[in-house]
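Sequence order for the protein chains is A and B.
Going by the working numbering, the first sequence opens with residue -7, and the numbers climb by one from there.
Going by the working numbering, the second sequence opens with residue -7, and the numbers climb by one from there.
Glycine included, every Cβ here is placed at the ideal spot set by N, Cα and C.
Structure, as structure tokens:
There are 2 protein chains.
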Amino acid sequence: MKKKAVVLTSGGLDSTTVAAVAKNEGYELYCLSFNYGQRHLQELESAKRVAEYFGAKKHLIIDIDLKIIGGSALTSDIEVPKHREEKEMITKIPITYVPARNTIFLSYALAFAEVLQSNDLFIGVNAIDYSGYPDCRPEYIEAFEKMANLATKVGVEGITKLKIHAPLQNLSKKGIIELGLSLGVDYSITHSCYDPLPDGTSCGECDSCLLRKHGFEQAGVEDPLHYAK
Amino acid sequence: MKKKAVVLTSGGLDSTTVAAVAKNEGYELYCLSFNYGQRHLQELESAKRVAEYFGAKKHLIIDIDLKIIGGSALTSDIEVPKHREEKEMITKIPITYVPARNTIFLSYALAFAEVLQSNDLFIGVNAIDYSGYPDCRPEYIEAFEKMANLATKVGVEGITKLKIHAPLQNLSKKGIIELGLSLGVDYSITHSCYDPLPDGTSCGECDSCLLRKHGFEQAGVEDPLHYAK
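Encoded structure:
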């Protein structure tokens, strides 16, 4: 029987690369996505395409209400910042940061893994491009893994150990794209923009678009996405 | 300005006692409850009464879908066990255990706390009566607190430290009831049963009812609740 992996799947470039890594390591994929009051649903459409692309055994989309809690440009009416300098992106916690988002996502992944009897969670956090987000740091992932192993039956019964795989942790965007391409990922199915036009076209100006465009440029590969600017 | 506390409020005896402790320590209460596909909604009705009783500044009820993940008698059609021996309750992980529930609840509490700029989360976990639940153990709470301090802006900016208060951790049910009564709690507003009758009456036979009844007996106080059996 194939080992099962729970893969947090946003439909973006990073989590799609992570799905390719898990697939390549021989796991059977159980994709998990969230409908969390994002401003746009292109993300979920991409997530569905990605789960299908990798032949996921199951794709669970969970409705969660982060809007009710508030506090982020990604789930409220605060404006998404445009044209930020990379230096600023890296050093300042952006207002697109959603409070405790990765913790909530990983908690659901943990529940899903426990029910599936999977010991492997995959997440596309990255400490280089997103160092402004506290919950993307390696020490955070390590602390979550430790907590997770105390939180569940697995931990108590001590049979196996749950592992959080963060294979992009130390890669640049260029490195992530190169990794994905080496595994045959078709990035045209992904979506990265924080603030797409009504027709779904990527804005080309938010942090996420800028980092992506820059990554493709550095990798010397053409980005299959079309941008408004 | 009063310090703000986020209090996980289930409407049960334990979390109600915790709310009383937080109130008594001078916090302004922000209660947080979940509509998580419990079999019965009496729990939420009690939670509302409790929040009101303590004059909570806000009571957030978040819809979360644990049913879609499955794996527990509390969120599915598996039968709730009755008449279990206390020894069995203490040593065996019960099928009423909801995978990663406290982790999911605490993650939302963390997000709420971050938005409120609160550094204090209160939770009614108890290591004595519920030692069968892995996510009630002190080492779990400690690991969550450590993770939480790495997960959020507070952690990065290092200004303050988030604390998870679990004041019932080492109390017996008798001790919890005595603590609550010493703080003037009216336990008639609480609800503990896992499997109430259609009219809301507590069954008197599930783990939760049995532990509660036993606690009141040991405290030598009459339980204000009426039981079917």
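Query                                                                                                                                   : Result
Cα-Cα separation between Val107 (chain B) and Gly207 (chain B), rounded to whole angstroms                                              : 37 angstroms
Of the residues A:Lys205, A:Gly196, A:Pro91, A:Gly172, the one placed nearest Phe46 (chain A), counting alpha carbons only              : A:Gly172
Proximity of Val42 (chain B) and Phe114 (chain B) at Cβ, strictly below 8 angstroms                                                     : no
Where the segment 17 to 46 of chain A meets chain B: residues whose CB sits under 8 angstroms from a CB there                           : none
6 angstroms Cβ shell around Tyr28 (chain B) - same chain, five flanking residues per side excluded                                      : Ile56, Leu58
For Ser2 (chain B), the residue or residues it bridges with in DSSP                                                                     : Bridge partners of Ser2 (chain B): none, in fact.
C-alpha distance - Cys195 (chain A) paired with Asp215 (chain A), whole-angstrom precision                                              : 14 angstroms
For Leu102 (chain B) and Gly116 (chain B), the rounded distance between their alpha carbons                                             : 15 angstroms
Where the alpha helix (DSSP H) through Glu214 (chain B) begins and ends                                                                 : Unbroken run through Glu214 (chain B): none, as it is neither H nor E.
Inter-stretch contact (C-beta, 8 angstroms, three-pair minimum) for the segment 182 to 195 of chain A and the segment 1 to 8 of chain A : yes
Proximal residues of chain B, C-beta to C-beta of Ser99 (chain A) below 7 angstroms                                                     : Ala92, Thr95, Ile96, Ser99
When B:Lys155, B:Ile53, B:Cys198, B:Ile169 are compared against Lys138 (chain B), the one with the closest alpha-carbon                 : B:Lys155
Pair within 8 angstroms by beta-carbon distance, Leu24 (chain B) and Phe104 (chain B)                                                   : yes
Of the residues B:Lys40, B:Ala11, B:Ala220, B:Ile53, the one placed nearest Asp191 (chain B), counting alpha carbons only               : B:Ala220
Where Ser180 (chain B) falls: helix, strand or coil (DSSP)                                                                              : helix
Close beta carbons around His218 (chain B), own chain, < 8 angstroms, minus the five adjacent residues each side                        : Thr193, Ser194
Lys(-5) (chain A) and Tyr22 (chain A) closer than 8 angstroms at C-beta                                                                 : no
Alpha-carbon spacing of Glu37 (chain A) relative to Val177 (chain B), whole angstroms                                                   : 50 angstroms
Residues near Val213 (chain A) by beta carbon distance below 7 angstroms, same chain, minus five either side                            : Ile169, Leu173
Residues near Pro130 (chain B) in its chain [Cβ-Cβ closer than 7 angstroms; skip 5 each side]                                           : Ala119, Gln161
Chain B residues whose Cβ lies nearer than 9 angstroms to that of Lys138 (chain A)                                                      : Ala135, Lys138, Met139
Cutoff 6 angstroms; reference Asn94 (chain B); Cβ partners in own chain excluding five residues on either side                          : Asp127
Exposed unless 16 or more other CB atoms sit within 10 angstroms - verdict on Lys153 (chain A)                                          : exposed
Bridge-paired residues (DSSP) for Ile53 (chain A)                                                                                       : A:Ser25
8 angstroms Cβ cut-off: residues of chain B touching Val107 (chain A)                                                                   : Ile61, Gly62, Gly63, Pro91
Alpha helix (DSSP H) segment containing Ile235 (chain A), residue limits                                                                : Residue 235 (chain A) lies beyond the range of chain A shown here (-7 to 221); nothing can be said about it.
Cβ-Cβ distance between Tyr125 (chain A) and Ile54 (chain A) below 8 angstroms                                                           : no
Backbone secondary structure at Cys201 (chain A) - three-state DSSP                                                                     : helix
Rounded separation between His51 (chain B) and Gln210 (chain B) - CA only                                                               : 33 angstroms
Beta-carbon proximity check, Ala11 (chain B) vs Thr1 (chain B), cutoff 8 angstroms                                                      : yes
Range of the contiguous alpha helix (DSSP H) that encloses Phe104 (chain B)                                                             : 93 to 108
Ile115 (chain B) at chain A interface by Cβ criterion, 8 angstroms                                                                      : no
Nearest neighbour of Gln34 (chain B), chosen from B:Asn141, B:Gln109, B:Lys74, B:Asp187 [CA to CA]                                      : B:Asp187
Ile228 (chain B), DSSP secondary structure in three states                                                                              : As shown, chain B starts at -7 and ends at 221. That puts residue 228 (chain B) outside it, with no answer to give.
From A:Arg204, A:Ser164, A:Ile133, A:Asp112, residue whose alpha carbon lies closest to that of Ala143 (chain B)                        : A:Ile133
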